[in-house]
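**Q** Below is the structure I would like to discuss, written out as structure tokens.
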Amino acid sequence: MTYQEALDFLYVQLPVFQRVGAEAYKPGLGTSIALAEAFGNPHHSFKSIHVGGTNGKGSTSHTLAAILNRAGYNVGLYTSPHLVDFRERIRVNGEMISREEVVDFVERYLAMKLDVSPSFFELTMMMAFEFFKRRNVDVAVIEVGLGGRLDSTNIITPELAVITNISFDHQQFLGDTLEKIASEKAGIIKPGIPVVIGESAGEVRRVFTEKASAESAPIFYADDAPGYSAAISSEAGISYHDTPYGEITGELAGECQKKNTATILNALDRLQELGWRVTPQAVREGFAHVCSLTGLMGRWMKTGESPLVVCDTGHNSGGWEYLSSQIASCPGTKHIVIGFVNDKAIDKILGMMPKENARYYFTRASVARALPAEALAAEAAKAGLSGSVYDRVEDAVDAATRAAAKTDTVFIGGSTFVVADYLASR
């Protein structure tokens with residue numbers, strides 16, 4: 027089997043949520059448990075940190091992995107989705123799983139002829155756990171795929187659980203109120219395992235408090251103790267003052283990172299209480315170099331100057347609460363390349379988007395779930411947004427960058443897959 031044949035099996039033979047959406051969603055842990063048992067329960071061979079939430083879990087997972095790596099630990103990292111290369115999902119100390127190891131796992135799985143029918147996500151997760159076991163990781167940072175309670179990653183028993191925040195996303199699976207979504211996310215809280223909550227208020231906090239109490243799990247709210255006195259943005263990133271580790275400069279510059287940093291600092295406090303060694307230097311280096319240490323991409327990622335070109339994977343209303351104001355504060359006319367998937371409730375997001383001094387380039391990502399650009403333009407018109415329509419992300423970006431003056435801004439986003447197409451075309 028070649029590497030491409032292995033990928034074709036994963037993408038074509040297995041239901042892939044990233045590409046087709048709801049029909050690939052497979053809630054419940056039965057298949058994951060059976061699959062894990064068939065492979066000897068590899069997740070029992072290493073410690074783990076479980077990271078869930080609506081927004082920020084990717085940035086939080088990567089930063090924690092970077093810090094633990096700089097602290098001297100052998101660190102696995104499992105995240106989703108990928109942007110350019112499937113292997114982005116599975117890393118040890120920032121290094122992606124090799125093509126040969128992907129092929130080897132798929133061949134061994136097929137040879138086993140198991141009486142289970144895993145989804146793409148379930149089998150990819152088991153590939154990660156097997157890889158982490160073979161690489162003898164000390165700890166793996168495991169990002170929840172969708173939800174929490176019924177997500178396949180919930181077969182692990184972590185050292186620490188982290189839930190970044192709750193916002194509206196995937197309501198068709200998780201519920202149509204913040205309380206229902208919080209209840210699903212709270213499903214990763216396990217008996218006696220400490221949990222850090224990044225953002226919560228009102229009924230959402232009550233949901234978490236009650237679940238933690240029922241599980242006798244110590245609960246900590248980062249909102250109550252952010253871990254820094256001030257967060258100052260600059261060209262170098264965001265500087266956080268008066269942290270337990272001295273002044274920290276975070277490479278990730280999006281406004282949402284200020285909340286993520288509070289969550290991460292609180293999580294580090296909990297890890298140290300559990301006996302993990304984390305030095306101030308490791309924390310500073312992890313924050314300052316998270317992208318190079320882990321391969322993280324697409325978080326307020328600057329890819330050009332004159333004009334300023336930025337892409338961001340924020341794709342729901344919670345993410346756009348930060349993105350809309352950050353885009354509006356950028357220089358010059360805003361040339362906004364935007365696309366969404368067809369199962370996303372976008373009316374609220376479109377209502378948040380900048381109207382003053384903004385030009386829109388509506389496009390469609392190269393996945394089956396992508397909303398046609400013409401349909402997006404029609405929905406955008408209802409929100410008072412107008413612009414041009416492009417069938418390919420590459421064409422939309424080309425038009426935006428040609429139209430932009432050197433003092434303008436080009437933003438690319440709306441969907442993770444728009445960002446993925448853009449980065450793949452560079």
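Per the numbering used here, the very first residue in the sequence shown carries number 27; after that it's consecutive. All residues carry an ideal CB built from backbone N, CA and C; glycine is no exception. Small disclaimer: the values here were computed from a predicted structure and weren't measured.
Ordered along the chain, which non-local residues of its own chain (more than five positions away) have a Cβ less than 6 Å from that of THR80?
**A** Same-chain partners within the cutoff: ASN191, ILE192, SER193, ASP195 and GLY344.
**Q** Measuring CB atoms only, is the stretch 28-35 touching the stretch 154-171, in the sense that at least three cross pairs come out at less than 8 Å?
**A** By the Cβ criterion, the stretch 28-35 is not in contact with the stretch 154-171, since fewer than three pairs of Cβ atoms, one from each stretch, lie closer than 8 Å.
**Q** Would you identify the three-state DSSP class for LEU90, choosing helix, strand or coil?
**A** DSSP places LEU90 in helix when its eight states are reduced to three.
**Q** Need the endpoints of the alpha helix (DSSP H) that GLY312 sits in, please.
**A** 306-314
**Q** Residue ranges of each alpha helix (DSSP H) run of no fewer than 4 residues wholly in the stretch 84-165, ordered along the chain?
**A** Entirely contained in the stretch 84-165, the alpha helix (DSSP H) runs reaching 4 residues are, in chain order, 125-138 and 146-160.
**Q** Could you give the DSSP three-state label for ARG385: helix, strand or coil?
**A** Look at ARG385 here: in three-state DSSP terms it is strand.
**Q** Pop quiz: GLU114 and GLY321 are said to be a contact at Cβ under 8 Å. What is the actual Cβ separation, rounded to whole angstroms?
**A** 6 Å
**Q** Taking the alpha helix (DSSP H) that THR453 belongs to, which residues open and close that run?
**A** Given that the chain is displayed from residue 27 to residue 452, the structure contains no residue 453 and the question cannot be resolved.
**Q** Output the distance between the C-alpha atoms of VAL46 and ARG303, rounded to the nearest integer angstrom.
**A** Low confidence applies here, because VAL46 scores a pLDDT of 49, under 50, leaving its location unreliable and the question unanswered by this model.
**Q** Which partner residues does VAL363 have in the DSSP bridge list?
**A** Under DSSP, the beta-bridge partners assigned to VAL363 are TYR387 and ILE438.
**Q** Is the distance from the Cβ of ALA187 to the Cβ of ILE214 below 8 Å?
**A** yes
**Q** Out of GLY301, ALA60 and TRP326, which has the shortest C-alpha to C-alpha gap to MET138?
**A** ALA60
**Q** If you draw a straight line from the C-alpha of SER265 to the C-alpha of THR289, how long is it?
**A** 16 Å
**Q** Pop quiz: ASP369 and ARG395 are said to be a contact at Cβ under 8 Å. What is the actual Cβ separation, rounded to whole angstroms?
**A** 6 Å
**Q** When we look at the beta-carbon of VAL38 and count the other beta-carbons within 10 Å, is it buried (16 or more) or exposed?
**A** exposed
**Q** Note down, in chain order, each residue of its chain lying with its Cβ closer than 8 Å to the Cβ of SER143, except the 5 sequence neighbours on either side.
**A** THR57
**Q** What is the C-beta distance between VAL77 and VAL165, in whole angstroms, given that I count them as a contact (C-beta under 8 Å)?
**A** VAL77 to VAL165, Cβ: 12 Å. No contact.
**Q** List the residues that DSSP assigns as beta-bridge partners of GLY330.
**A** VAL335
**Q** Roughly how many angstroms separate the alpha carbons of ALA92 and VAL129, rounded to a whole number?
**A** 27 Å
**Q** Taking C-alpha atoms, which residue in ASP338, TYR271, PRO333 and LEU319 lies nearest to THR359?
**A** PRO333
**Q** Expressed to the nearest angstrom, what Euclidean distance is found between the alpha-carbon atoms of GLU63 and THR235?
**A** In a straight line, the C-alpha of GLU63 is about 33 Å away from that of THR235.
**Q** Could you name the residues that DSSP lists as bridge partners for HIS69?
**A** DSSP output for HIS69 lists no bridge partner at all.
**Q** Tell me whether GLN307 is buried or exposed, calling it buried when 16 or more other Cβ atoms sit within 10 Å of its Cβ.
**A** exposed
**Q** Quick one, are the C-beta atoms of LEU25 and ILE181 less than 8 Å apart?
**A** For residue 25 there is no data in the structure shown, the boundaries of the chain being 27 and 452.
**Q** So what does HIS341 bridge to, in DSSP terms?
**A** According to DSSP, HIS341 bridges with nothing at all.
**Q** What does the alpha-carbon distance come out to for the pair ALA409 and GLY440?
**A** So the two alpha carbons sit approximately 15 Å from each other.
**Q** What three-state label does DSSP hand SER15 in the structure shown?
**A** Nothing about residue 15 can be read from this structure; the chain reaches only from 27 to 452.
**Q** Between the Cα of CYS282 and the Cα atoms of HIS267, GLY263 and GLU299, which residue gives the shortest distance?
**A** Checked all of HIS267, GLY263 and GLU299; the closest Cα to CYS282 is GLY263.
**Q** Pull up the distance between the alpha-carbon of ASP268 and that of PRO252, whole angstroms please.
**A** 11 Å
**Q** Applying the 10 Å Cβ sphere with the 16-neighbour rule, what's the burial state of PRO220?
**A** buried
**Q** If we count the other Cβ atoms within 10 Å of its Cβ and call it buried at 16 or more, is ASN286 buried or exposed?
**A** So ASN286 ends up on the buried side.
**Q** If you reduce the DSSP assignment to three classes, tell me which class VAL233 lands in.
**A** helix
**Q** Are the Cβ atoms of TYR386 and TYR416 separated by less than 8 Å?
**A** No.
**Q** In the DSSP assignment, find the beta strand (DSSP E) that holds PHE259 and state where it starts and stops.
**A** The residue asked about is misnamed: residue 259 is Ser in this sequence, not Phe. Note, SER259: beta strand (DSSP E), 256-260.
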